[in-house]
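The structure appears right after this line, and notes come after that.
Chains as they are written, first to last, in this note's numbering: chain U, 24 to 269; chain D, 24 to 269.
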């Protein structure tokens, strides 16, 4: 499993992903699930992936390969005119990789599936965030649905729904996302630090701050233990239930 | 979908279930998913069910049928000598129902599956709580895992993990469970009030207090709005993140 969030704010987009991959529970490894491409003053593109690792690595490698040499950039995400075109290209690449793998023998093609979060900005366009399905189609975040989660989304969702605010600072967003990840990590063995974070500043058109939060990061540990205490306090402040009101 | 919890405390067991059943999102109904059998001073048995409604209703009807007339009670859950025997009987009934339905035509037998929570006490035994799988086997709650959830378990799990305490009063347990249900109901359309609650008091050997919480229940509404505020307050009290500590 995996847990990734793309979080659209008025100030920019915060991307966060865990690094655990597993095949069963007895074969776990650490892999980066975040890829970033930039051409300063022209574009910055971030991709988070959940699902079959062979599939997502193949997608990233293909995109990488096609974007390396400027003269060889068509059709490349580094040459596309808009984030919509980038999303379309990545969707097509994802679908191709899945169908190629599915055709070469193994019948359980569901295991080749992957879902991607794509966000960023291309010059003369707005910052945009997309969720790309294994079929290659995609949906875009909006004011009504300003963030997307992929992978193990449920444990960490209630706090995001309750505390999200588009005017948040990046610091507040990182804090909120770490709370969401902490709840997920506590409940699901297949989501685990280190966590990768990329903070894209709106209209900067370049890679922003990137962080890697290790399991023993003092702030993450504060959040984890502090959240347990804070939750219990919040709970104790709710009105008490009484079987016989009045 | 469905959401049910069996919650073992030192004082007794609290059972709670929602009442929504759905076939797709355009065919929803309200059905009670809690069944209670009692013979005062001898036993009290509560069963919560998640999964295919035809399966769970068939199981309950069969158990009901077999327990009606005292002379016809073998093999009946009203005559079994222990909660373990009750769990075994119900597990067998569940497995039979599923396999019978699966044999009679439709191939998609996964859709006939159901999972049950069984709890209660039989004279001369302890209060016990079991989770029964579609295969008819089961596991029992213990001090390490004192509560079970079935159905849509994930959204409401983090708060249960953080706030559970075996010494809770029944009132506190109801409050906690309502918070857990509220988080789930906010996130998943297929879980919905009214909620059924049964509070079994340890060693009482009879049915305890039963409640039905409607969507417009004033206390449930207080909890729902209060929890959002309390969570945001708790979140704001966590230490702030800083990109440049020191």
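Glycine included, each C-beta is placed from N, C-alpha and C at the ideal position.
- Excluding sequence positions up to five before and after residue 145 of chain D, its CB lies within less than 6 Å of the CB of 66, 105 and 106, all in the same chain and listed in chain order.
- When CB distances to chain U are screened at a threshold of 7 Å, the residues of the stretch 234 to 266 of chain D falling below it are 242, 245, 246, 249, 250, 251, 253, 254, 255, 256, 257, 258, 260, 261, 262, 263, 264, 265 and 266, in chain order.
- Take residue 114 of chain D, set aside five residues on each side of it, and the residues of its chain with a beta-carbon closer than 6 Å to its own are 155, 159 and 161, in chain order.
- Against chain U, the CB of residue 202 of chain D has a partner CB under 9 Å away; the residue lies at that interface.
- For the stretch 175 to 190 of chain D, the beta-carbon criterion of a distance under 7 Å to any beta-carbon of chain U is satisfied by 177, 178, 180, 181, 182, 184, 185 and 186.
- Taking residue 44 of chain D as the centre and dropping the five residues before and after it, the same chain places the C-beta of 52, 54 and 76 closer than 6 Å to its C-beta, in chain order.
- Around the CB of residue 33 of chain D, fewer than 16 other CB atoms lie within 10 Å, so the residue is classed as exposed.
- DSSP, read as helix, strand or coil, puts residue 261 of chain D in coil.
- Under the criterion of beta carbons closer than 8 Å, residue 183 of chain D and residue 71 of chain D do not qualify as touching, at roughly 15 Å.
- At least one CB of chain U lies nearer than 9 Å to the CB of residue 206 of chain D.
- Annotation: residue 190 of chain U to residue 166 of chain U spans about 12 Å, alpha carbon to alpha carbon.
- Here residue 40 of chain U is bridged, per DSSP, to U:27 and U:219.
- At least 9 Å separates the CB of residue 37 of chain D from every CB of chain U.
- Taking 4 residues as the minimum length, the alpha helix (DSSP H) runs contained wholly in the stretch 169 to 228 of chain U are 180 to 186 and 193 to 210, in order along the chain.
- Of D:153, D:258, D:86 and D:78, the smallest CA-CA separation from residue 199 of chain U is found for D:258.
- Taking the C-beta atoms as reference points, residue 253 of chain U is found nearer than 9 Å to residue 261 of chain D.
- If you keep only unbroken beta strand (DSSP E) runs of at least 3 residues inside the stretch 53 to 132 of chain U, you get 57 to 62 and 66 to 74.
- Counting only residues of its own chain and dropping the five nearest sequence neighbours on each side, residue 229 of chain D has a CB closer than 6 Å to the CB of 61, 63 and 67.
- In the displayed model, residue 253 of chain D falls within a helix according to three-state DSSP.
- In this structure, the straight-line span from the alpha carbon of residue 79 of chain U to that of residue 41 of chain U is close to 14 Å.
- Taking a Cβ-Cβ threshold of 8 Å, none of the residues of chain U is close to residue 154 of chain D; the smallest such distance is about 17 Å.
- Annotated as proximal: residue 172 of chain D and residue 27 of chain D, with beta-carbon spacing under 9 Å.
- Counting only the Cα atoms, residue 92 of chain D lies some 51 Å from residue 208 of chain U.
- Just measuring C-alpha positions, the residue of D:203, D:73 and D:57 sitting nearest residue 87 of chain D is D:57.
- Note that the C-beta distance between residue 219 of chain D and residue 234 of chain D is below 9 Å.
- Excluding the 5 residues flanking it on each side, residue 250 of chain D has same chain C-beta neighbours closer than 7 Å at 202 and 205, in chain order.
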